[in-house]
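For the sequence shown, counting from 1, position 153 maps to 155 in my numbering; every step adds exactly one. Report on the following structure.
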Amino acid sequence: MTHGHAELAGLFAPDAVSWLDAALAEATAAAGRDDDNVAAPWELRFAAAGRHCGQDHADAVRTLLLRRAGATTATLTRLYQRGTAAERRAVLLALPERVTGPGALPLVEDALRTNDTRLVAAAVGPYAAAHLDAHGWRHAVLKCLFTGVALDTVADLAVRAHGDAELARMLRDFAAERAAAGRPVPADLHRALELTGEES
3 MTHGHAELAG
13 LFAPDAVSWL
23 DAALAEATAA
33 AGRDDDNVAA
43 PWELRFAAAG
53 RHCGQDHADA
63 VRTLLLRRAG
73 ATTATLTRLY
83 QRGTAAERRA
93 VLLALPERVT
103 GPGALPLVED
113 ALRTNDTRLV
123 AAAVGPYAAA
133 HLDAHGWRHA
143 VLKCLFTGVA
153 LDTVADLAVR
163 AHGDAELARM
173 LRDFAAERAA
183 AGRPVPADLH
193 RALELTGEES
């Protein structure tokens with residue numbers, strides 16, 4: 003995610019390096035010239051990153067493009083709303099670096115309404131830990147359990163769960179519902195309950 007240009011270029015074939023250089027030049031040229039309603043040329047590169055640089059490196063390439071372009075919350079929102087799941091994931095992963103306040107929370111909340119585990123996992127990172135209120139954060143934890151996203155993905159889980167009696171109640175209710183339906187209780191649930199300090 004935090005790879006720089008030189009590190010990425012060392013991983014790519016010459017044609018991908020040429021594409022990356024051109025994409026970064028376009029993003030740099032657009033910095034500071036954001037238009038809420040018009041997609042800049044580099045945004046097309048953002049969408050095409052996986053095709054040109056490989057899916058394994060797409061998140062890193064997209065994050066670097068966002069950095070070079072100085073992407074604002076408005077730009078991130080536009081890219082998220084118009085993007086594929088992979089593009090939305092990249093936007094979510096970039097939030098801690100690009101947005102200092104709660105202005106991008108609607109993107110996190112949208113991702114948490116989906117059942118796409120890639121988006122859910124990306125949504126519960128450091129940005130959510132810093133800005134989701136207690137109610138929203140508790141439901142994010144439950145969403146991870148419901149969709150099978152490992153709680154190791156939840157940033158600052160131990161800190162935010164500690165002493166949270168309401169989270170403990172919600173976890174116990176969820177476990178009871180699963181048991182009543184004859185479904186297994188995720189092992190992560192018991193760990194989260196322990197972190198609250200409200201095991202009994």
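Virtual Cβ for every residue (Gly too), placed ideally from N, Cα, C.
Query                                                                                                                 : Result
Range covered by the alpha helix (DSSP H) that runs through His164                                                    : Neither: His164 is in no alpha helix (DSSP H) and is coded neither H nor E.
Sequence-distant residues of the same chain with beta carbon closer than 6 angstroms to Ala73, five excluded per side : Arg100
Whole beta strand (DSSP E) elements within the stretch 35-117, 3-residue minimum                                      : none
Under 8 angstroms between C-beta atoms of Leu10 and Val63                                                             : yes
Rounded separation between Asp61 and Arg115 - CA only                                                                 : 22 angstroms
Test item: CB-CB of Thr198 and Ala163 under 8 angstroms                                                               : yes
Contact under 8 angstroms by Cβ, Gly138 with Glu111                                                                   : yes
DSSP-derived helix/strand/coil call for Thr188                                                                        : It is Pro, not Thr, that sits at residue 188 in the sequence shown. Note: Pro188 maps to coil in three-state DSSP.
Contact under 8 angstroms by Cβ, His133 with Leu66                                                                    : no
Arg174 versus Pro186 - alpha carbon distance                                                                          : 13 angstroms
Reference Leu46, options Asp58, Thr77, Glu179, closest by Cα                                                          : Thr77
Three-state secondary structure assigned by DSSP to Glu200                                                            : coil
Ala88 to Leu147 span [Cα, whole Å]                                                                                    : 22 angstroms
Extent of the continuous alpha helix (DSSP H) run through Gly12                                                       : Run containing Gly12: none; DSSP gives neither H nor E here.
Alpha carbon of Ala42 to alpha carbon of Val143, nearest angstrom                                                     : 36 angstroms
Reduced DSSP category for Asp23 - H, G, I as helix; E, B as strand; rest coil                                         : helix
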